[in-house]
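>
In this note's numbering, the protein residues as written are 987 to 1277.
This is how it looks when you write it as structure tokens:
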């Protein structure tokens, strides 16, 4: 990879890692569904504009049902679970648990596909990674922090299912940018009635400029701009380079949480992160050897 690719990769990790910080700042004045709706809604507008400017056009009507499913799996479920979880635990810890997404993806792919079977080496990597989760959750009960950590794992599982589900769009001839714009649009449409019924935004008081700015940053930086950088790296350096961002996000999120909010990870969280990243590194070596 060239120097510019590394710069883009670290920038992407900061934008995605920053989403955990922005969630915490937004929670200071806004309820969970309002944060998620603002994120997907504004990001949808921005990416649809980009699609229009690029003259790619919106996805064909035939793929919109699949885009709606992707919107639930890749946006609505994980975004909501992470925001709810961060009412109890720090963004740094949530980002560490988010790093289990590739572990879940491997398991889902083994069940749902015929060309991504679980090999002994992959199974060892998955076992090592989930061993890290057990280390982090040692001593936690099913309430408070323990429940919040389980919510983060549920979000990672949803991302894993979305990763397998999303394979169909390339086969259908839909570009990544069209997919992103379509998924965010579907997410906004599906969430709007639920958001209106649950949060009743007309009854909410003014949350202050801080939470509003955090939601705008979530939508514009951690969603729209991050997607554009993601596609740029994918085109320049390939999928292997993109996979490295999984290793960088926990450090970006933890660093931002420490600098801005003074958050600290406990020793067992660092130990768990080391095991998770070790499992991911083992699986990446297997994938590289196959290539």
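All residues carry an ideal CB built from backbone N, CA and C; glycine is no exception.
My output table needs one value for residue 1250: the three-state DSSP class, helix, strand or coil.
Here the question's residue 1250 lines up with position 264 in the chain shown. Correct three-state label for residue 1250: coil.
> Is there contact here, the region 1190 to 1197 with the region 1012 to 1020, by at least three beta-carbon pairs under 8 Å?
yes
> In chain order, what residues of the same chain have a beta carbon less than 6 Å from the beta carbon of residue 1071, not counting five sequence neighbours either side?
Locating residue 1071 in the chain shown gives position 85, counting from the first residue. So the list reads 1080, 1134, 1137 and 1138, once near-sequence residues are dropped.
> Would you grab the beta carbon distance between residue 1168 and residue 1050 for me? Rounded to a whole angstrom, and I think it's under 8 Å.
By one-based count along the chain shown, residue 1168 stands at place 182. By one-based count along the chain shown, residue 1050 stands at place 64. With a Cβ gap of about 7 Å, residue 1168 and residue 1050 count as contacting.
> Helix or strand or just coil, what does DSSP make of residue 1108?
Start at 1 with the first residue of the chain shown, and residue 1108 comes out as number 122. It is helical.
> I need the straight-line Cα distance from residue 1207 to residue 1089, nearest angstrom please.
Translated into positions along the chain shown, residue 1207 becomes position 221. Translated into positions along the chain shown, residue 1089 becomes position 103. One C-alpha to the other measures close to 26 Å.
> In three-state DSSP terms, what is residue 1207?
Counted from its first residue, the chain shown places residue 1207 at position 221. DSSP places residue 1207 in helix when its eight states are reduced to three.
> Got a sec? Which residues, its chain only, sit under 7 Å from residue 1164 by beta carbon, not counting five neighbours each side?
One-based indexing of the chain shown puts residue 1164 at position 178. The answer, listed in chain order, is 1037, 1042, 1044 and 1045.
> Please go through the same chain and pick out, in chain order, the residues whose beta-carbon is closer than 7 Å to the beta-carbon of residue 1059, but skip the five residues on each side of it.
Position 73 of the chain shown holds residue 1059. Answer for residue 1059: 1144, 1147, 1148 and 1151, listed in chain order.
> Under three-state DSSP, which class holds residue 1025?
Within the chain shown, numbered from 1, the residue matching residue 1025 stands at position 39. In the three-state reduction of the DSSP assignment, residue 1025 falls in the helix class, which pools H, G and I.
> Contact check, residue 1002 vs residue 1235 under 8 Å by CB: the rounded distance?
Counted from its first residue, the chain shown places residue 1002 at position 16. Counted from its first residue, the chain shown places residue 1235 at position 249. By a beta-carbon distance limit of 8 Å, residue 1002 contacts residue 1235. Their separation comes to about 5 Å.
> Note down, in chain order, each residue of its chain lying with its Cβ closer than 7 Å to the Cβ of residue 1086, except the 5 sequence neighbours on either side.
Reading the chain shown from its first residue, position 100 is the one you call residue 1086. Once the five neighbours on either side are set aside, the close Cβ partners of residue 1086 are 1115, 1119, 1139, 1142 and 1262.
> Can you tell me the Cβ-Cβ gap for residue 1077 and residue 1258, rounded? I've got them flagged as a contact below 8 Å.
Sequence index remark: in the chain shown, residue 1077 carries index 91 (1-based). Sequence index remark: in the chain shown, residue 1258 carries index 272 (1-based). 16 Å between Cβ atoms; not a contact.
> Let me confirm a value: residue 1073 is counted as buried when at least 16 other C-beta atoms fall within 10 Å, else exposed. Which label applies?
Stepping through the chain shown from its first residue, residue 1073 is reached at position 87. Exposed is the call here.
> Going by C-alpha to C-alpha distance, which of 1250, 1018, 1171 and 1159 sits closest to residue 1035?
Within the chain shown, the letter at position 49 stands for residue 1035. Comparing Cα positions, the closest option is 1171.
> On the DSSP letters alone, give me the boundaries of the alpha helix (DSSP H) that residue 1075 sits inside.
As a position in the chain shown, residue 1075 is number 89, starting the count at 1. Careful: residue 1075 lies outside any alpha helix (DSSP H) and carries neither H nor E.
> Which stretch, first to last residue, makes up the alpha helix (DSSP H) that contains residue 1162?
Mapped onto the chain shown, residue 1162 falls at position 176. Segment 1162 to 1185, the alpha helix (DSSP H) holding residue 1162.
> Does the beta-carbon of residue 1029 have 16 or more other beta-carbons within 10 angstroms, so that it is buried, or is it exposed?
Translated into positions along the chain shown, residue 1029 becomes position 43. So residue 1029 counts as buried.
> Buried or exposed: which applies to residue 1230, given that a residue is buried once 16 or more other Cβ atoms fall within 10 Å of its Cβ?
Within the chain shown, the letter at position 244 stands for residue 1230. Buried is the call here.
> Along the chain, where does the alpha helix (DSSP H) that runs through residue 1091 open and close?
Counted from its first residue, the chain shown places residue 1091 at position 105. Counting along the chain, residue 1091 sits inside the alpha helix (DSSP H) bounded by residues 1087 to 1098.
> What do you get for residue 1156, buried or exposed, if any count of 16 or more other CB atoms within 10 angstroms of its CB means buried?
Counting from 1 along the chain shown, the entry for residue 1156 is found at position 170. Answer is exposed; the Cβ neighbour count stays below 16.
> Express the C-alpha separation of residue 1091 and residue 1252 in angstroms, rounding to a whole number.
Reading the chain shown from its first residue, position 266 is the one you call residue 1252. Reading the chain shown from its first residue, position 105 is the one you call residue 1091. One C-alpha to the other measures close to 27 Å.
> State the start and end residues of the unbroken alpha helix (DSSP H) segment that holds residue 1046.
Here residue 1046 refers to the residue found at position 60 when the chain shown is read from its first residue. No alpha helix (DSSP H) holds residue 1046; DSSP gives it neither H nor E.
> Where does residue 1190 sit, in a helix, a strand or coil, going by DSSP?
Reading the chain shown from its first residue, position 204 is the one you call residue 1190. Correct three-state label for residue 1190: coil.
> Three or more C-beta pairs under 8 Å: does that hold for the region 1214 to 1223 against the region 1171 to 1183?
no
> At what residues does the alpha helix (DSSP H) containing residue 1134 begin and finish?
Looking up residue 1134 in the chain shown gives position 148. Counted as a single uninterrupted DSSP element, the alpha helix (DSSP H) harbouring residue 1134 occupies residues 1131 to 1151.
> If I'm right that residue 1209 touches residue 1025 with Cβ under 8 Å, what's the distance once you round it to whole angstroms?
Sequence index remark: in the chain shown, residue 1209 carries index 223 (1-based). Sequence index remark: in the chain shown, residue 1025 carries index 39 (1-based). Between residue 1025 and residue 1209 the Cβ distance is about 6 Å, and since that is below 8 Å, they are a contact.
> Rank 1162, 1154 and 1075 by C-alpha distance to the C-alpha of residue 1130 and give the top, closest one.
Taking the chain shown and counting its residues from 1, one reaches residue 1130 at position 144. Comparing Cα-Cα distances from residue 1130 to each of 1162, 1154 and 1075, the minimum goes to 1075.
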